[in-house]
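Number 315 in the numbering used here belongs to position 226 of the sequence shown; there are no gaps in the numbering.
For every residue, glycine included, the Cβ atom is placed at its ideal position computed from N, Cα and C.
This structure is a prediction, so every number in the text was calculated from the model and none was measured.
Down below is the structure, laid out as structure tokens.
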Amino acid sequence: MSPISPPTSDNPDEDHPPWLPSTRPFFGKRRKGRRELAMDLIQAGLRILERDGPRLSGDQLTLAAAINELNLSRDDDKKVSPGSVYDRLWATPDDYRVDVQSAALYEWFSSSTTPQQDQIAAEVLALLDELDLETPEGRAMGLREITRRASFTSLEATAAYRPAQVRVAILAALAASTTDDEATEQLKRAARAAHNDTIASYVELYGGVLDLLKLRPKESIFGPTDTPELRLAAVEIFTRIIITYNDGMDIRNQVEVEGTHLENLPSGVDGELKDWHHLGLGVWAIASALSEPDTGAETEDR
């Protein structure tokens, strides 16, 4: 698990993680040491959460447990005492738990700290030699094969990345919550920030795939895309829809028996049978419905 980058600024209004309220007692001028300790304790809480599961987001995820976890990796002269933490870094135990959960929602989904995007990009690159990108029929088959294979890569990456599974459980509990308070709003802000950051990074990947396949966002839906700014705006919406669908499938996959979402379909060349996951079928259907051949790109190739 990648460590959280601690804030470095002495300005209380700058340089704090998007999932963390700047009103916490460890923010403010001349409190850099407190902030660094707070980040270390949040990181310790994430290790506990990753190891023992989302049930610890309740009363078992305590500052005492985090202090013990942190001290395991510290020399005796640098161990943290309860007196340096209680009432100094968090006003209540609930504030600490919410900060750890918020960190999980953000750090375990943001593309800068998770492996899924790099693995999907590598899968797409590995496919290029197998695809016929010279004809409209070949490019249509390319879209089908990219979405099919990339969906399996995404699923395998998520299954192998324990924090992603824990994060999905926290997100599902948040979605089911009827509580309307500051803690709930903080968790929602963390989830939104991670979602938006991830979309921003996937825009480049999805936009590149569209360019590769000489496709563009469908103008009857998105309007003209004949300038870089208009195209970028359309690709962002295109990406947001796919990522949102993938989020829902992630939650669903947590409760499904392995193999439930597999289909063997005649989608290959000359009706060759191919294994599909429902995630891939859904992404292919969305991408097909929201894109069309880029006639300008095709004309340039002639």
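Backbone CA spacing between residue i and residue j [nearest angstrom]
{"i": "ALA153", "j": "ASN160", "result": "11 Å"}
{"i": "LEU351", "j": "SER173", "result": "53 Å"}
{"i": "SER146", "j": "GLN190", "result": "For SER146, the predicted structure reports a pLDDT of 49, less than 50, and the residue's modelled location is therefore unreliable. The matter cannot be settled from this model."}
{"i": "ARG136", "j": "ILE375", "result": "37 Å"}
{"i": "TRP373", "j": "LEU232", "result": "7 Å"}
{"i": "ILE310", "j": "LEU379", "result": "7 Å"}
{"i": "GLY337", "j": "LYS167", "result": "44 Å"}
{"i": "ARG123", "j": "VAL292", "result": "37 Å"}
{"i": "GLN205", "j": "PRO252", "result": "12 Å"}
{"i": "THR242", "j": "GLN208", "result": "7 Å"}
{"i": "ILE288", "j": "ALA279", "result": "14 Å"}
Local Cβ density within 10 Å of residue i, reported as buried at 16 or more and exposed below that
{"i": "LYS118", "result": "exposed"}
{"i": "GLY296", "result": "buried"}
{"i": "ASP183", "result": "exposed"}
{"i": "PRO355", "result": "exposed"}
{"i": "ILE331", "result": "buried"}
{"i": "VAL358", "result": "exposed"}
{"i": "PRO106", "result": "buried"}
{"i": "ARG140", "result": "exposed"}
{"i": "ARG163", "result": "exposed"}
Where the beta strand (DSSP E) containing residue i begins and where it ends
{"i": "PRO252", "result": "Per DSSP, PRO252 belongs to no beta strand (DSSP E); it is in the alpha helix (DSSP H), 251–265."}
Residues that DSSP places opposite residue i in a beta bridge
{"i": "SER380", "result": "PRO306"}
{"i": "HIS366", "result": "LEU351"}
{"i": "TRP179", "result": "TYR175"}
Close-in-space but distant-in-sequence residues of the same chain around residue i (CB under 7 Å, 5 per side omitted)
{"i": "ASP364", "result": "LEU351, ASN353"}
{"i": "LEU216", "result": "GLU234, ILE235, ARG238"}
{"i": "ALA261", "result": "ILE340"}
{"i": "LEU150", "result": "GLY134, ILE137, LEU138, ARG186, VAL189"}
{"i": "THR314", "result": "ARG305, PRO306, GLU308, ARG320, ALA323"}
Nonlocal neighbours in the same chain, by C-beta distance under 8 Å from residue i, ignoring five residues either side
{"i": "PRO171", "result": "LEU152, ALA153, ILE156"}
{"i": "THR273", "result": "LEU263, SER266"}
{"i": "ARG256", "result": "ALA193, LEU194, TRP197, PHE198"}
Endpoints, alpha helix (DSSP H) assigned at residue i
{"i": "TYR334", "result": "317–342"}
{"i": "LYS121", "result": "121–141"}
CB contact below 8 Å: residue i versus chain C
{"i": "ALA280", "result": "The question asks about chain C, but that chain is absent: this structure has only one protein chain."}
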